[in-house]
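Throughout, this note's numbering is defined as the position within the sequence shown, counted from one, plus 1.
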Amino acid sequence: MMELITPAAEPRDDRDATSMATSGDRVALPGRAGMARIILAGSLGTCFEAYDLFLVGTMAAVISHQFFSGVNPTAGLIFTLLGFAAGYLVRPFGAVFFGRIADRFGRKRVFVSSVALMGVATALIGVLPTFATAGLIAPLAFVTLRLVQGFALGGEAGGAMVYVVEHCAPNRRGLHTSWVQLAPMVGLLLSQVVLSTTRGIFGEAAFMVWAWRVPFLVSLVLLALSVWIRSRMGESPEFERLRDDGAVSRAPLREALTGRRNLAALLCSLLGLGPGAAVALYAAFFYTPFFLTQVLHVDVETANWLSATALIVAMPLFVLFGALSDRIGRKTVICAGFALVVLSYPAIFRGLTHYANPALEAAGSSAPVVVVANPHECSTQFNVLGTGKFVSSCDIAKAALVRMGINYSNVASSAGGPAVIRIGEVSLQAYDGAAADAKERNATFTASLRAAITAAGYPSKADPVRVNRGMVWLLLFVLGVFAAMTYGPLAAAMSELFPTRVRFTALSLGYHIGFGWTGGFLPAAAFAMAAASGNMYAGLAYPRVAAAAGILFTFLFGSLSVSRKTGE
């Protein structure tokens with residue numbers, strides 16, 4: 002059963018690429034069963050993306066051992082993280098490359114080729130030789146495949162959004178595209194299930210030697226299913242109409258960057274919608290497990306269980322808020338989520354501390370910690386690629402306290418000499434990390450610091466008996482609600498910013514820079530802010546500023562978006 006709607010026509014020149022005169026052309030839209038197949042085809046690729054992302058991030062230590070064993074463990078982990086980051090950095094280039102093809106020649110060929118390229122690269126990681134057998138070829142091959150993955154993803158994520166939205170009736174875009182937005186959460190859970198099952202079947206020893214390959218090879222199932230379903234799909238009806246009208250853009254990137262209204266819409270996605278939604282999603286599902294385990298010292302099993310179950314319960318809300326945006330508008334739903342991020346994050350994360358590790362909270366009040374150091378020796382430890390070397394005594398003191406989840410205040414010292422940590426009445430001198438005996442002194446310093454903070458009442462780990470699991474879970478769920486509000490309607494909102502003739506290029510570019518880079522920088526930025534200020538909550542300024550900017554730029558440029566109801 003096909004549904005017919007009358008869309009707006011595309012402009013035939015570049016002078017006003019977002020103005021659309023009404024046309025009599027009628028575009029056939031799929032019925033319910035056809036729409037379900039289209040949503041499934043789009044969702045599988047984004048599910049695949051999250052599956053791969055979580056695998057590489059979770060198995061960083063294993064990958065380091067397999068491909069970078071020719072260097073020391075720290076350097077190996079750094080190179081692994083560089084390979085991980087490289088995938089993010091090349092995504093905008095993939096967006097431009099695939100966007101040009103999709104906007105000039107059609108969505109379907111990119112819809113199939115991007116997921117195929119991504120899937121093959123992911124599976125090949127599972128059969129790569131290790132450093133022990135192939136030497137330098139192994140790490141070079143690993144990084145190359147990560148670059149290929151990132152390049153392919155530049156066309157995949159935006160392509161899935163565009164393909165689905167261009168099959169939707171305008172008043173159903175939020176509902177239908179929200180399933181695509183939900184798919185990464187499914188991929189995240191799927192990767193956890195596959196990793197846990199693989200470890201359970203083969204054991205940890207075998208996993209470290211060879212069974213780590215299994216999760217990558219399992220991705221072949223997702224690849225085959227994705228390619229089979231997508232190859233059976235037709236071309237986007239909106240693009241077919243555009244091609245029939247002879248209105249296809251000859252230079253979509255130039256048009257997106259130079260047309261006044263298109264450029265304003267691109268800025269909205271780069272500075273507003275993308276960053277705001279990214280921080281809400283990453284903070285809820287990627288940063289909070291780190292915060293619970295590394296800052297509050299909750300055991301990993303408890304933290305993962307609480308995070309996973311909160312995610313599962315929050316998942317239907319992505320669809321709910323997508324559908325709600327069809328009724329009351331994208332800006333209303335998304336900006337309400339941004340506002341809640343700005344207003345509530347400090348209280349929520351302090352609540353996590355209170356309910357997950359009350360002893361840590363109490364110790365901070367009874368035995369405050371102070372770092373006395375020369376400010377000129379203290380770096381801003383923004384180390385997104387893991388390559389920075391912070392070796393001054395001030396940097397070492399602050400980084401050690403942040404890793405232990407200890408709040409501290411800063412006191413400037415004009416005198417020379419190493420930084421000093423004061424814990425109540427106890428003083429502990431840090432060391433110079435550039436000294437020849439730094440490795441030995443680090444062990445002594447860390448042990449002395451741990452003993453001093455333990456004596457002051459700071460716990461080395463959260464007491465399982467005192468962890469209020471119900472309240473921690475509730476706060477994690479609330480963060481998931483905010484993520485659903487901002488990310489559920491995002492595909493529809495970003496798609497409607499641009500006309501069909503440049504939609505693929507502009508949306509993909511805005512998404513992978515505005516969303517991908519902003520979200521990817523969140524952990525590093527949060528650590529740097531916490532280390533600089535001494536406040537474990539200082540890093541929350543990053544998502545709050547991004548969300549506030551999301552409100553500002555969404556309202557500033559949101560009126561330039563394609564009309565939610567008419568497509569004009």
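Glycine is no exception: its CB is placed at the ideal position from the N, C-alpha and C atoms.
Look at residue i and residue j and say whether their C-beta atoms are less than 8 Å apart.
i, j, result
"residue 509", "residue 61", "no"
"residue 164", "residue 98", "no"
"residue 243", "residue 506", "no"
"residue 469", "residue 356", "yes"
"residue 201", "residue 554", "no"
"residue 182", "residue 339", "no"
"residue 151", "residue 87", "yes"
"residue 368", "residue 515", "no"
"residue 258", "residue 120", "no"
"residue 108", "residue 160", "yes"
"residue 36", "residue 496", "no"
"residue 308", "residue 450", "no"
"residue 436", "residue 374", "no"
"residue 262", "residue 128", "no"
"residue 537", "residue 411", "no"
"residue 372", "residue 422", "yes"
Would you report the Cα separation of residue i and residue j, rounded to the nearest angstrom?
i, j, result
"residue 212", "residue 114", "29 Å"
"residue 106", "residue 542", "43 Å"
"residue 520", "residue 286", "11 Å"
"residue 482", "residue 315", "6 Å"
"residue 67", "residue 177", "41 Å"
"residue 370", "residue 144", "42 Å"
"residue 289", "residue 249", "44 Å"
"residue 44", "residue 306", "25 Å"
"residue 517", "residue 499", "19 Å"
"residue 192", "residue 171", "34 Å"
"residue 209", "residue 51", "22 Å"
"residue 395", "residue 292", "23 Å"
"residue 39", "residue 33", "10 Å"
"residue 269", "residue 417", "48 Å"
"residue 486", "residue 480", "10 Å"
"residue 551", "residue 448", "44 Å"
"residue 337", "residue 488", "12 Å"
"residue 55", "residue 184", "13 Å"
"residue 13", "residue 247", "Residue placement at residue 13 is flagged as unreliable, the pLDDT there being 36, under the threshold of 50; the coordinate-derived value follows with that caveat. So the alpha carbons of these two residues sit roughly 7 Å apart."
"residue 455", "residue 365", "12 Å"
"residue 544", "residue 283", "9 Å"
"residue 122", "residue 146", "5 Å"
Let me check understanding here. Comparing Cα to Cα, which of the options lies closest to residue i?
i, options, result
"residue 344", "428, 161, 225, 281", "281"
"residue 230", "298, 116, 310", "116"
"residue 132", "270, 69, 410", "69"
"residue 466", "504, 359, 175, 378", "359"
"residue 125", "442, 217, 468, 511", "217"
"residue 252", "122, 101, 349", "101"
"residue 312", "283, 349, 268, 186", "186"
"residue 332", "160, 490, 533", "490"
"residue 503", "267, 424, 440", "267"
"residue 406", "118, 298, 441, 39", "298"
"residue 557", "264, 321, 417, 414", "264"
"residue 110", "488, 233, 411", "233"
"residue 57", "93, 148, 118, 42", "148"
"residue 461", "474, 513, 276, 404", "404"
"residue 348", "63, 539, 138", "539"
"residue 310", "494, 471, 47", "471"
"residue 228", "428, 475, 49, 414", "49"
"residue 221", "118, 524, 169", "118"
"residue 353", "294, 302, 398", "294"
"residue 169", "398, 492, 426", "492"
By DSSP, does residue i sit in helix, in strand, or in coil?
i, result
"residue 297", "coil"
"residue 30", "strand"
"residue 251", "coil"
"residue 25", "Because residue 25 carries a pLDDT of 37, less than 50, the predicted location of this residue cannot be relied on, and the following value inherits that uncertainty. Residue 25: coil per DSSP, three-state reduction."
"residue 66", "helix"
"residue 512", "helix"
"residue 467", "coil"
"residue 368", "coil"
"residue 159", "helix"
"residue 453", "helix"
"residue 499", "coil"
"residue 129", "coil"
"residue 554", "helix"
"residue 91", "coil"
"residue 1", "The structure shown has nothing for residue 1, since the chain only spans 2 to 569."
Enumerated in chain order, which unbroken segments of the alpha helix (DSSP H) with a length of 4 residues or greater are wholly contained in the region 175 to 236?
-> 214 to 232
Going along the chain, which unbroken runs of the beta strand (DSSP E) with 3 or more residues stay wholly within the region 370 to 444?
370 to 374, 409 to 413, 421 to 424, 427 to 430
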